[in-house]
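Everything in the sequence shown is counted per our numbering, starting at 1 for the first residue and increasing by one. From the three backbone atoms N, C-alpha and C, an ideal C-beta is built for every residue, glycine too. Here the structure comes first, spelled out in structure tokens, and everything after it is commentary.
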Amino acid sequence: MKNAKIFLITLSMAAMFAVSAEAGPREDIIAGFMAQGAGPADPAKGKAMYNANYGTGKVETPKCQSCHGATPQAGGETRTAKPIDPMAVSKAPDRFTDKKKVDKWFLRNCRGVIGRECTAQEKVDFIAFMVTQ
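In structure tokens, the structure reads:
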């Protein structure tokens, strides 16, 4: 049952991110990551990334929640107390629609939290999770 549910979620996410004539900027960004070798999106892996306590990046940012809040729907703040809008697409519909910003923030945050750049697959999974939130 669990495997069937994961399959259906993956299938629906793949369909949602399929490139078509009506694809938007978020889908174009995801298609770019897929062209770099990412496979179908797995929102469960994106959720695990958001909740993981890595401890392999900067000491002050061991997890995404360090700055972005306990849930993607909540806002957060930088270490200098600057507010950060929610990550959830339901709360911030323009999230993950500007390629320049997506590249900038994945690079900066992955290095800071995980201690390395995220893979194309990790980026697709993370965005897929945020789209479901």
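Distance from the CA of proline 25 to the CA of aspartate 98, rounded to the nearest whole angstrom, comes to 7 angstroms.
Looking at the DSSP output, glutamate 77 bridges to Pro83. Contact between glutamate 122 and methionine 49 holds: their C-beta atoms lie close to 6 angstroms from each other, under 8 angstroms. Ranked by Cα distance from threonine 80, the options Glu60, Phe96, Lys91 are led by Glu60. Going by DSSP, proline 25 is part of the alpha helix (DSSP H) stretching over 25-35. Taking C-beta separations shorter than 7 angstroms and ignoring five residues to either side along the sequence, the partners of lysine 91 in its chain run Gln73, following chain order. Taking a C-beta distance under 7 angstroms as the contact criterion, alanine 41 and aspartate 94 do not qualify as a contact pair. Contact between valine 113 and glycine 57 holds: their C-beta atoms lie close to 5 angstroms from each other, under 8 angstroms.
In the structure shown, the three-state DSSP call for asparagine 53 is coil. For aspartate 125, the enclosing alpha helix (DSSP H) starts and ends at 120-131. Under a 10 Å Cβ-count criterion, threonine 78 is classified as exposed, with fewer than 16 other Cβ atoms of the shown protein chains found around its own Cβ.
In summary, glycine 46 is buried, with 16 or more beta-carbon neighbours lying within 10 Å of its beta-carbon over all protein chains present. Residue state for glycine 46 is assigned as helix, using DSSP reduced to three classes.
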